[in-house]
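Data block below; observations after.
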Amino acid sequence: MNVGVIGTGAIGTDHIRRLTGRVAGARVTAVFDVDTARAATVAAMAGAASHREADDVIDDPAVEAVLVASPGDTHADLVLACIAAGKPVLCEKPLASTSDAALKVVEAEVTYGRRLVQVGFMRRYDGGYLGVKTALAAGRIGEPLLVHCVHRNVSVPPSFTGDMSLTDSLVHEVDACRWLLDQEIVAATVVDVPHSPLALPQLRDPRLVLLETERGIVIDAEVFVNARYGYDVRCEVVGTTGTVALDAPSTGVVALEGGRVQALPMDWEARFGQAYVDELQAWVDAASQGTADGPSAWDGYAATAVAEAAVASRGARTKVDLAERPGLYSGESLP
Ligand code: NAD
Ligand code: ISE
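Last residue of the sequence shown: number 470 in our numbering, and the count goes up by one each step with no gaps.
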C-alpha cells in the first residue's frame, strides 16, 4: 500500500521509519510538511516524493492511504479531505482541536457510509493496557469502581501552550479509560493543585482531573508534563474483588553500590514503541482493504469533547455534551 504522510516532525518521521522498516505491506511514497527543508530530508530518507501542498499528497493518484502527523489544529480539515477523496487515513491524536470540528469528521464519515478514519490512540495496542482490558473483560476484579491514572512527561517544548496538557495529553487517559471500561465519560472536574516552578510560565502543570463515566465510575488522572525524572504512565483499575494495574515493559533491575535501580523510559517512543508498530500494522491491514478499525472518529470526537469539558471546568464539575452515537460506530472499537 502506498502511503502519503502529512507532517514530518517528531512522530511523523518515527512513523515513516516504522512504515519503511517494521510494518509489512506499506511503503511511503509521498510526504508534505510546511517545513520544506525537513520534508525534503525525510522524503530522501524514505525514497518518497516531497509535495508542495497537503492536498497534493491526498489527491496524488498513487497514494492509497494517508497518515496525518501535523499539529492537532490542522487535523480535522486534512481528515475531511481524505474522506472526500475516499482514502483511509490514520490521524494522530487529537482528531480535532474542538468537538464541533471532530463532529464534522464523524458526520462526513457517516455520510460516506464506511469507516475510513483511525485515530492514533496507540495505547490500545500496548501489551500492558491489553492485559488490563483482558482482566476486566474476564471479570477478574469483579465490577470496576474507580481508576487511578498517571501521565508524566519529562518536559514539553515551548510550542506546548495553554491547555495542551488536557487537549493533547489527557486525551490518552480519556480514550484508554473509555475503551477499558466500555462506557462514555459524562463529566470532568479539574482540581487546582500547586504549579511546578519548573513548568513553562504559560502552563498550568501538573493538572489533576476527575472524570465520571455514565455508569458512575470515577477516574482520577494526574497529568504532569514537566515531571523531569522520566516518562511515566500508570493505570490501576480498582474493582469489587481486586485491582488490575498496567505492567510497563522493563529493562531489568540493576543492583549495585547498595541500591536497586530500575530504568525508566524518557519519552513515549521508548515506552510505547511496540504499540506504535502494532497500531500501524493494524492500520495498514485494514486500509489495504479500503477501510479502518481500531480507535474511530467517534472515539476521537468523544476524547476531544471530554478534554473540552476539562478546559471549561476551572474547578467546577462540567458535563460532557456528546451528540448521539451514529450506528456506524455501534459496538466497541477493538484494538
Ligand atoms: P512536531 O512539532 O515535532 O511535528 C509537527 C510537524 O508538522 C512539523 O514538522 C511542522 O513543520 C509540521 N506542520 C505544521 N503545520 C503543518 C501543516 N499545516 N501541514 C503539514 N505539516 C505541518 O510535533 P509531533 O510531536 O510530531 O506531533 C505531531 C502530532 O502527533 C500532534 O498531533 C501530536 O499530538 C501527535 N503525537 C502523538 C503521539 C502519540 O503518542 N500518539 C506522540 C507525539 C505526538
Ligand atoms: C504527545 O503528543 C503524546 O501523544 C504523548 O503520548 C504524550 O505522552 C504527550 O503528553 C503528548 O504531548
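Glycine residues also receive a C-beta, built at the ideal position from the N, C-alpha and C atoms.
{"query": "Under the three-state DSSP convention, the category Asp456 falls into", "result": "coil"}
{"query": "Helix, strand or coil at Phe407 according to DSSP, with G and I counted as helix", "result": "helix"}
{"query": "Residues surrounding the ligand ISE [beta-carbon distance to nearest heavy atom under 5 Å]", "result": "Asn288, Asp303, Ser304, Trp403"}
{"query": "Neighbourhood of Glu349 by C-beta distance below 7 Å, restricted to the same chain and skipping five residues each side", "result": "Gln318, Glu319, Val321"}
{"query": "DSSP state of Gly147 mapped onto helix, strand, coil", "result": "helix"}
{"query": "Glu278 versus Gln397 - alpha carbon distance", "result": "33 Å"}
{"query": "Chain-order list of residues whose beta-carbon lies under 6 Å from that of Thr453 (same chain, five-residue window excluded)", "result": "Ala323, Ala444, Ala447"}
{"query": "Residues that DSSP places opposite Gly394 in a beta bridge", "result": "Leu391"}
{"query": "9 Å Cβ cutoff met for Phe256 and Asp208", "result": "no"}
{"query": "Rounded Cβ spacing between Gln253 and Pro430 (contact assumed at less than 8 Å)", "result": "6 Å"}
{"query": "Inter-stretch contact (C-beta, 8 Å, three-pair minimum) for the region 266–285 and the region 371–382", "result": "yes"}
{"query": "Neighbour-count burial assignment, Ala216, 16 or more Cβ in a 10 Å radius", "result": "buried"}
{"query": "heavy atom of the ligand NAD below 8 Å from Ser423 C-beta", "result": "no"}
{"query": "Through-space distance from Gly393 to Leu469, alpha-carbon basis", "result": "Model confidence at Leu469 stands at a pLDDT of 46, short of 50, so the residue's coordinates are unreliable; what they give is reported in the following sentence. Roughly 46 Å separates the two Cα atoms."}
{"query": "Any beta strand (DSSP E) of 3 or more consecutive residues that is wholly inside the region 208–284", "result": "224–226, 252–254"}
{"query": "Inter-stretch contact at 8 Å, needing at least 3 Cβ pairs: the region 283–300 / the region 346–366", "result": "yes"}
{"query": "Range of the contiguous alpha helix (DSSP H) that encloses Thr313", "result": "It is Arg, not Thr, that sits at residue 313 in the sequence shown. 306–316 is the extent of the alpha helix (DSSP H) around Arg313."}
{"query": "Three-pair Cβ contact test at 8 Å for the region 154–162 versus the region 409–417", "result": "yes"}
{"query": "6 Å Cβ shell around Pro461 - same chain, five flanking residues per side excluded", "result": "Val245"}
{"query": "Leu415, DSSP secondary structure in three states", "result": "helix"}
{"query": "CB contact flag (Asp420, Gly160, <9 Å)", "result": "yes"}
{"query": "Cβ-based burial, Ser294 [other Cβ within 10 Å; buried from 16]", "result": "exposed"}
{"query": "Residue burial classification, Ser465 (beta-carbon count within 10 angstroms, cutoff 16)", "result": "exposed"}
{"query": "Reference Ile276, options Val291, Ala243, Leu316, closest by Cα", "result": "Leu316"}
{"query": "Span of the alpha helix (DSSP H), counted from its first residue to its last, around Asp191", "result": "189–194"}
{"query": "Buried/exposed call for Thr296, threshold 16 Cβ in 10 Å", "result": "exposed"}
{"query": "Burial state of Tyr364, where buried means 16 or more other Cβ atoms lie within 10 Å", "result": "exposed"}
{"query": "Cβ neighbour criterion (16 or more within 10 Å) applied to Ala272", "result": "exposed"}
{"query": "Closest Cα partner of Asp194 within the set Thr164, Leu381, Thr378, Ala243", "result": "Thr164"}
{"query": "Which listed residue (Asp327, Arg162, Val389, Ile141) has its alpha carbon closest to that of Gly450", "result": "Asp327"}
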